[in-house]
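What follows is one structure encoded as structure tokens, with my remarks underneath.
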Amino acid sequence: MAELLAMAQNKVKAFSAGQRVRGKILAKGPASLILDVGGKAEGVVAEKAFTEARDLIKNLKIGDEVTATVLIPETRDGTVLLSLRQAAFDASWERLEQAQRDGTPVAVFGKGVNPSGVTVDVEGVLGFIPGSQLGKEANKDTNGLVGKYFKAVVLDVDKLANKVVLSEKAVSEAEDIKKAKEAIKKIKEGSLYDGVVTTVAGFGCFVKLDLGKDSPLVEGLVHISELAWGKVIQVSDIVSVGDKVKVKVLGIKDGRIALSLKQAQKDPWEEIGEKYKAESKVRGKVVKVSDFGVFIELEPGIEGLVHITQIPPGKKFTEGEEIDCYVQDLDTKTKKISLGLVLTSKPIGYK
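Here the sequence shown is numbered in full-length UniProt numbering, starting from 1 and rising by one per residue.
In structure tokens form, the structure reads like this:
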């Protein structure tokens, strides 16, 4: 008899709070779930634990297996009190990942607004909708989304980083986005288009392309490095919102269009050979002082170098200063101009 009791005790599991257990659903009620967890009594999901996992439980049926967490190893009536919070959390991430793959809109609940966008509750997970992913109507009153349910499309899911990024305009402006995607397919790299500057930022500007009558909104980015052939300090020095411009399409990737203002214009180096001949006198502005010489801007997009060996000892330069030089050498292939200084006094070796 002692041996039989020992064997029976070995088969009965002893649980501890926080332990993860696998159980099979024996019964499902309107406010509780009973599982066989291999213990001397059944496991029960009830009250608050049932409510917080309601969305998961409604899709479960008798005979299904699920992983639960032990809240209380043994209650007064001998049952094991369980929680499905982690299982519900994992299921939420799985549904979000599936929604991202399918492109299916999901219901979200507006939680708050910050300068970058709107935070939402989606499947019990905190998600974020950037301002750029809000439709025109939503952008008019972002605070109006707080405390309300609306639909959005999942763009990015990263469970490890606990990050979900969504798009509201992918739902509210789905038809416009579809038309824009079709229009983008017709845009050719290397082609020139007329456009209008819609946004000016520190890194560049956005330009709406003119694709013909009733064309959808198709915008591309002109990076600050593609604004002008010359050095650009501030984007606002070159363009303003509403400016009509001509741009060249540099590339298209994942629906994003890279544009160039400067490449839509003639490269000043194309005719430089005729303009700046060897020994000719030129006047320019100091744009950079370095350890190996001074860079002189002769005109927008055209800079030459006065090498340190061509500068008399003790001679100092400041950015913005205008100085007289002469062309020593010009190489249009490498786009380099070597300059010498025109000095008032003429030490040996200087003109």
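Idealized CB from N, CA, C, for every residue including glycine.
Nearest-angstrom Cα separation, counted from SER92 out to VAL157: Each residue's alpha carbon lies about 11 Å from the other.
Enclosing alpha helix (DSSP H) for LYS111 [first to last residue]: Judged by DSSP secondary structure, LYS111 falls outside any alpha helix (DSSP H) and instead within the beta strand (DSSP E) spanning 106 to 114.
Cβ neighbours of LEU4 in the same chain (closer than 7 Å, five flanking residues each side left out): For LEU4, the pLDDT reaches just 43, beneath the cut-off of 50, and the residue's location in the model is therefore unreliable, although a value from the coordinates is still provided. Nothing listed; no residue qualifies.
Rounded distance between the beta-carbons of ALA53 and ALA87, thought under 8 Å: So it is a contact: roughly 7 Å between Cβ atoms.
Option nearest LYS204 by Cα separation, candidates GLU219, ASP210, ASP194, LEU192: Before going further, note that residue 204 is Gly rather than Lys in the sequence given. Closest by C-alpha distance to GLY204, out of GLU219, ASP210, ASP194, LEU192, is GLU219.
Whole-angstrom distance between LYS159 and VAL37, CA atom to CA atom: Cα to Cα, VAL37 sits roughly 28 Å from LYS159.
Minimum C-alpha distance to ASP267 - residue among TRP229, ILE233, SER225, LEU82: It is TRP229.
Residue from GLU137, ILE57, THR67, LYS244 with nearest C-alpha to ALA27: Of the candidates GLU137, ILE57, THR67, LYS244, the one whose C-alpha sits nearest the C-alpha of ALA27 is ILE57.
Burial state of LYS178, where buried means 16 or more other Cβ atoms lie within 10 Å: Counting Cβ neighbours within 10 Å, LYS178 comes out exposed, since fewer than 16 surround it.
Whole runs of the beta strand (DSSP E) within the stretch 221 to 281, excluding any shorter than 3 residues: Correct list: 244 to 253, 256 to 260.
Whole-number beta carbon distance between VAL146 and PRO105, since they are thought to touch under 8 Å: Actually they do not touch by this definition, with Cβ atoms about 19 Å apart.
CB of VAL132 within 7 Å of CB of VAL153, strictly: In the sequence on display, residue 132 carries Ser and not Val. At least 7 Å separates the beta-carbon of SER132 from that of VAL153.
Proximity of ALA14 and VAL70 at Cβ, strictly below 7 Å: No, the pair does not count as a contact, with Cβ atoms beyond the cut-off.
Cα-Cα separation between ALA174 and THR119, rounded to whole angstroms: Taken atom to atom, the span from the alpha-carbon of ALA174 to that of THR119 is near 21 Å.
ARG283 (DSSP reduced to helix, strand or coil): Assigned with DSSP and collapsed to three states, ARG283 falls in strand.
Chain-order list of residues whose beta-carbon lies under 7 Å from that of SER260 (same chain, five-residue window excluded): The beta carbon of SER260 sits closer than 7 Å to those of VAL222, GLU226, VAL247, LYS248, LEU250, all from its chain and outside the five residues before and after it, given in chain order.
Three-state secondary structure assigned by DSSP to GLY320: Coil at GLY320, not helix or strand.
Distance, VAL287 Cα to GLU321 Cα: Straight across, the Cα-Cα distance linking GLU321 with VAL287 is about 8 Å.
Cβ neighbours of GLY135 in the same chain (closer than 7 Å, five flanking residues each side left out): So the qualifying residues of the chain are GLU168, LYS169, SER172, GLU173.
Euclidean distance between Cα positions of ILE72 and ASN139: Going from the Cα of ILE72 to the Cα of ASN139 covers about 48 Å.
Length at least 4, wholly inside the stretch 27 to 69: the alpha helix (DSSP H) runs in chain order: Runs of the alpha helix (DSSP H) inside the stretch 27 to 69: 47 to 52, 54 to 57.
Alpha carbon of LYS40 to alpha carbon of VAL66, nearest angstrom: If I take the Cα positions, the gap works out to 19 Å.
Cutoff 7 Å; reference PHE109; Cβ partners in own chain excluding five residues on either side: Cβ neighbours of PHE109 beyond the five flanking positions: VAL120, ASP121, TYR149.
Beta-carbon proximity check, GLY284 vs GLU297, cutoff 7 Å: Note that the C-beta distance between GLY284 and GLU297 is below 7 Å.
GLN19 (DSSP reduced to helix, strand or coil): Residue state, collapsed to three classes: coil.
ASP90: first and last residue of the uninterrupted alpha helix (DSSP H) it sits in: Going by DSSP, ASP90 is part of the alpha helix (DSSP H) stretching over 85 to 102.
Among GLY301, GLY340, LYS163, ILE233, nearest to GLU279 - alpha-carbon criterion: Ranking the options by Cα distance to GLU279, first place goes to GLY340.
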